[in-house]
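A.B. asks: My structure is below; once you've seen it, I'll send some questions.
In our numbering, the protein residues as written are 12 to 169.
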């Protein structure tokens, strides 16, 4: 990020932080969870900063809401991740995971461009379907269709 972009990013964070935190607190309550959700929202903003045109406010608020909703749905996932971290895989399991990931990457390369873009943005990057549709210049229904087709092809290829 250039100096001007970095300055603009910092100004945006300073200006939007109270509202994003308020949104997160309304959805998650007065907890550390709300502050973590707000922080995650700004990390996502940083990751997507170069792709946001115009006022980042609407994107930021939508992302804050989605982050909070994911957290509300996700406590079980967090506990599962902690449990999984305690049961670390051995060298054989790690080798198998690496081989499977290589097969997935090769299979992704064989997908048509639009399907590869849709599944990468949605399933790997974790973007909401609506945002993927906006980025790809298509409808949410088309994105869902592309993802379904890509998943079927990946199952056959992997």
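Don't be surprised by glycine CBs; every beta carbon is placed ideally from N, CA and C.
Count the other CB atoms, across all protein chains shown, that sit within 10 Å of the CB of residue 103; report buried if there are 16 or more and exposed otherwise.
C.D. replies: As a position in the chain shown, residue 103 is number 92, starting the count at 1. It is exposed - the Cβ of residue 103 has fewer than 16 other Cβ atoms within 10 Å.
A.B. asks: Since I believe residue 74 is in contact with residue 52 (beta carbons under 8 Å), could you give me their beta-carbon distance rounded to a whole number of angstroms?
C.D. replies: Here residue 52 is taken as the residue at index 41 of the chain shown, counted from 1. Here residue 74 is taken as the residue at index 63 of the chain shown, counted from 1. So it is a contact: roughly 5 Å between Cβ atoms.
A.B. asks: Which of the three DSSP states, helix, strand or coil, is assigned to residue 42?
C.D. replies: Mapped onto the chain shown, residue 42 falls at position 31. Annotated three-state conformation of residue 42 is coil, per DSSP.
A.B. asks: If distances are taken between C-alpha atoms only, which option among 164, 156, 79 and 106 comes closest to residue 44?
C.D. replies: As a first step, residue 44 is located in the chain shown; it is residue number 33 there, counting from the start. Cα-wise, what sits closest to residue 44 is 79.
A.B. asks: Residue 129 and residue 152: beta carbons closer than 8 Å?
C.D. replies: Working through the chain shown from its first residue, we reach residue 129 at position 118. Working through the chain shown from its first residue, we reach residue 152 at position 141. Contact flag unset, no.
A.B. asks: Looking at the unbroken alpha helix (DSSP H) that takes in residue 70, where does it start and where does it end?
C.D. replies: Counting from 1 along the chain shown, the entry for residue 70 is found at position 59. Here the alpha helix (DSSP H) through residue 70 covers 68-84.
A.B. asks: For residue 46 and residue 167, I'd like the C-alpha separation in whole angstroms.
C.D. replies: For the purposes of this step, residue 46 is identified with residue 35 of the chain shown, where counting begins at 1. For the purposes of this step, residue 167 is identified with residue 156 of the chain shown, where counting begins at 1. Approximately 42 Å between the Cα atoms of the pair.
A.B. asks: Nearest to residue 63 by alpha carbon, out of 114, 19 and 37?
C.D. replies: The residue given as residue 63 occupies position 52 in the chain shown. Minimum Cα distance to residue 63 is reached at 19.
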